[in-house]
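Just so we're aligned, residue 21 is where the sequence shown starts under our numbering, counting upward by one.
Reading through the structure tokens given below for one structure.
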Amino acid sequence: MDQWPKYYHEKMETMDPENLRSLQEKKLKKQLTYVWKNSPFYQRKFKVSGISQKDFKSLEDLRKFPFTTKDELRESQAQHPPLGDHVAAPMEKIIRIHSSSGTTGQPNFVSITRHDHRAWTEITARSIYTQGIRPQDIVIHAVGLTFFVGGLPVKDAIEAIGAAFVPIGTGASDRVVTTTQLLQANTLHCTPSYAIYLADYIRSKLGMDPTKLGIKKITSGAEPGAGIPTIRKKIQEDFGCLLTEGLGNADAAPIIFGECPGQKGMHFCAQEFILCELIDPGTGEVLEMKDDAVGELVYTLIDREASPLIRFRTRDRITVWVSPCDCGRTSFRVRCIGRTDDMLILLGVNVFPSAIKDVVTSLRPKTTGEIQILLDRPGPKVDPPMKIQVEVAKDLSDLQPLKREIENLLKEKLVFKADVHLVPEGTLPRYEMKAKLIRKLYEE
Ligand SMILES: [Zn+2]
Numbered sequence: 021m022d023q024w025p026k027y028y029h030e031k032m033e034t035m036d037p038e039n040l041r042s043l044q045e046k047k048l049k050k051q052l053t054y055v056w057k058n059s060p061f062y063q064r065k066f067k068v069s070g071i072s073q074k075d076f077k078s079l080e081d082l083r084k085f086p087f088t089t090k091d092e093l094r095e096s097q098a099q100h101p102p103l104g105d106h107v108a109a110p111m112e113k114i115i116r117i118h119s120s121s122g123t124t125g126q127p128n129f130v131s132i133t134r135h136d137h138r139a140w141t142e143i144t145a146r147s148i149y150t151q152g153i154r155p156q157d158i159v160i161h162a163v164g165l166t167f168f169v170g171g172l173p174v175k176d177a178i179e180a181i182g183a184a185f186v187p188i189g190t191g192a193s194d195r196v197v198t199t200t201q202l203l204q205a206n207t208l209h210c211t212p213s214y215a216i217y218l219a220d221y222i223r224s225k226l227g228m229d230p231t232k233l234g235i236k237k238i239t240s241g242a243e244p245g246a247g248i249p250t251i252r253k254k255i256q257e258d259f260g261c262l263l264t265e266g267l268g269n270a271d272a273a274p275i276i277f278g279e280c281p282g283q284k285g286m287h288f289c290a291q292e293f294i295l296c297e298l299i300d301p302g303t304g305e306v307l308e309m310k311d312d313a314v315g316e317l318v319y320t321l322i323d324r325e326a327s328p329l330i331r332f333r334t335r336d337r338i339t340v341w342v343s344p345c346d347c348g349r350t351s352f353r354v355r356c357i358g359r360t361d362d363m364l365i366l367l368g369v370n371v372f373p374s375a376i377k378d379v380v381t382s383l384r385p386k387t388t389g390e391i392q393i394l395l396d397r398p399g400p401k402v403d404p405p406m407k408i409q410v411e412v413a414k415d416l417s418d419l420q421p422l423k424r425e426i427e428n429l430l431k432e433k434l435v436f437k438a439d440v441h442l443v444p445e446g447t448l449p450r451y452e453m454k455a456k457l458i459r460k461l462y463e464e
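Here it is, written out as structure tokens:
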């Protein structure tokens, strides 16, 4: 790896935070003027809040501007088809349209111009390079390619780095294995759920040790798993590899944060394109970015033509670090705990499904690490005890002590009362994309 430059864009990645601040301020000012002129949606929003782009003098003034929510973007698209009137570029300038949801209901379109496409490729490549991908690497892409932003934009970025991109997609584990062997590929790009699934598949279906596959790096994203200590440990041991994670947002950019091999959280990699704020998700109050601060991540795009966002609420709940990293990058780092939408509240205590999975995975090999939370009624408020199904290892016979051990551990670590139901190995669903840790027992 040493023959390659240490950074993808050294000047931006090692810039003094004060200098970056003034660069972001300048670009935001220009962007607000552009948005005010070209986006009817933001003209309306600003007018309703009694504010205009002229009120922006310094970065401190950003907090006077209203938040943008996903629901508002959906509404904009429904009222002003096909793309919504938040879009600030004419159709002749738009070169690609992605979808930011695609799982349920109507797709929410995200459009980009040639200029935006260049920015996406730069940000995503910077994030992936930060994760340690270099030109000699062969990357097996075991993620879908169509429609969603984790597909084609990641291809563009890996090719921009100069690494070799191998589009396999999902639902093709045999092909992942044979192609990796035939090409002697060393890198796998997939969700953490899929990495766990693939290791099981290789062991049980092919009777092979996954460390023999030759994968030395896994770059993961799309769900919190790769940042959860017990899950990271399991995947790294399963494949004998280094696991780093990335974090993006379909409405903002495909991969915005990338973790360096030092594994101390994901570095912010969109320095001159996105401005981040940390807020209290309840009050909307802006929080100081300092070590161990926790809050919701908010994005303002400061260099976007087609689909601009001012103070967009991501619903991603993150922990922040600003202290220096050994790699020399000066940007802040984050770990994503989960989405505020997934958060459950028991007697005033916030609980994330990913944290429950972490606790249960810590009891491997007695458990398989697979869980499912059963909800009788819509959250986030849950009446204790929380019903959780936990998979146990095949050869375990005396189950009562394990049930108690898990319940006690959840009480001790996450401060809530659980009612654990142990189920045999292989009972709970496995996922090739994002895992669904909550099962709704009620009609929606
Ligand atoms: Zn670092």
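C-beta: ideal position from N, C-alpha, C; glycine also.
Cβ-heavy atom distance, R349 to ligand 1, below 8 Å: yes
Endpoints, alpha helix (DSSP H) assigned at L93: K90 to Q99
N-terminal and C-terminal residue of the beta strand (DSSP E) that T207 is part of: If you look at T207, you'll find it in the beta strand (DSSP E) that goes T207 to C210.
Nearest residue (CA-CA) to K236, options G302, F61 and Q156: Selected option, being the one with the closest Cα: Q156.
heavy atom of ligand 1 below 8 Å from H29 C-beta: no
D345 Cβ short of 8 Å to ligand 1 heavy atom set: In the sequence under discussion, the amino acid at residue 345 is Cys, which differs from the Asp named in the question. Under cutoff, so the answer is yes.
K74 classed as buried or exposed, judged by whether at least 16 other C-beta atoms fall within 10 angstroms: Burial call: exposed.
Local conformation of R349 per DSSP, three classes: coil
Own chain, CB closer than 8 Å to K431, minus 5 neighbours either side, in chain order: Excluding sequence neighbours, K431 sits near K437 and A438.
Residues bridged to L267 [DSSP beta-bridge criterion]: F277
Span of the beta strand (DSSP E), counted from its first residue to its last, around Y319: A313 to L321 is the span of the beta strand (DSSP E), which, as asked, contains Y319.
Nearest-angstrom Cα separation, counted from F372 out to M363: 5 Å
Which of helix, strand or coil DSSP assigns to F329: Just to set this straight, residue 329 is Leu in the shown sequence, not Phe. Reduced to three states, the DSSP call for L329 is coil.
Any non-hydrogen atom of ligand 1 within 8 Å of R353 CB: yes
N58 in three-state terms, based on DSSP: helix
Pair within 9 Å by beta-carbon distance, L395 and K377: In this structure, K377 does not lie closer than 9 Å to L395 by Cβ.
Proximity test, K152 beta-carbon vs ligand 1 heavy atom, cut-off 8 Å: It is worth fixing the name first, because residue 152 is Gly in this sequence and not Lys. Every heavy atom of ligand 1 is 8 Å or more from the Cβ of G152, so no.
Where the alpha helix (DSSP H) through L448 begins and ends: Element bounds for L448: n/a, residue is neither H nor E.
Segment limits, beta strand (DSSP E) that includes T387: T387 to L395
Whole-angstrom distance between V443 and Q283, CA atom to CA atom: A direct Cα-to-Cα measurement between Q283 and V443 gives close to 34 Å.
Buried/exposed call for K31, threshold 16 Cβ in 10 Å: exposed
Beta-carbon gap between G170 and P102 smaller than 9 Å: no
8 Å contact criterion, which C289 and Y319 should meet: CB distance rounded: No, C289 and Y319 are not in contact; Cβ-Cβ is about 13 Å, not under 8 Å.
Buried versus exposed, by CB contacts within 10 Å (16 or more), T123: Low local confidence applies: a pLDDT of 45 at T123 is under 50, so the model's placement there is unreliable, with the coordinate-based value given in what follows. Classification of T123: exposed, given that the 10 Å Cβ count is below 16.
Contiguous beta strand (DSSP E) assignments of at least 3 residues, all confined to the stretch 193-239: 207-210
Buried/exposed call for R64, threshold 16 Cβ in 10 Å: Exposed is the call here.
For W341, three-class secondary structure by DSSP: Note: W341 maps to strand in three-state DSSP.
9 Å Cβ cutoff met for L233 and I222: yes
Whether V163 touches D271 by CB criterion (9 Å): Cβ distance not < 9 Å, so V163 and D271 don't count as in contact.
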